[in-house]
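Numbering (our numbering), first residue to last: 1 to 68. Heads up: the structure comes next, in structure tokens.
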Amino acid sequence: MTIRIKINNQPAEVQEGTTMKTVADERQLPEKGVAVAVNNEMLPRGEWGGYVLKDGDDIVILKAFCGG
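Shown next as structure tokens:
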């Protein structure tokens, strides 16, 4: 069964039971310089593997970049 979520304001569907770590791996997020918020709450990287996505979750992925 699939559930509907949003990732950076874009609709997405994932399998029920999918963790935030799975989404990060599928999107090839780098090991450093990335922050994730789920439903406006920061989710520390150490908790990604234990956070099972729920229908309606709103995920924001922020990537750090250099510049000035």
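Every residue gets a Cβ at the ideal spot worked out from N, C-alpha and C, and that includes glycine.
Note down, in chain order, each residue of its chain lying with its Cβ closer than 8 Å to the Cβ of residue i, except the 5 sequence neighbours on either side.
i, result
"W48", "T19, M20, K21, A24, V36"
"T72", "Missing from the structure shown is residue 72; the chain here goes from 1 to 68 and no further."
At the level of alpha carbons, what is the spacing between residue i and residue j?
i, j, result
"P11", "P44", "23 Å"
"V34", "I5", "19 Å"
"G46", "G56", "22 Å"
"E26", "I59", "14 Å"
"K32", "V52", "22 Å"
"K54", "P30", "24 Å"
"E16", "F65", "32 Å"
What first and last residue would you give for the alpha helix (DSSP H) that runs through residue i?
i, result
"E26", "20 to 26"
First and last residue of the beta strand (DSSP E) that includes residue i?
i, result
"A35", "34 to 38"
"E13", "10 to 15"
"D55", "Premise fails: D55 is in no beta strand (DSSP E) and is neither H nor E."
"R45", "Neither: R45 is in no beta strand (DSSP E) and is coded neither H nor E."
Only counting the same chain, and skipping five residues up and downstream in sequence, which positions put a Cβ closer than 7 Å to that of residue i?
i, result
"N8", "V60, I61"
Excluding the 5 residues flanking residue i on each side, which residues of the same chain have their C-beta closer than 6 Å to its C-beta?
i, result
"V38", "D57, I59"
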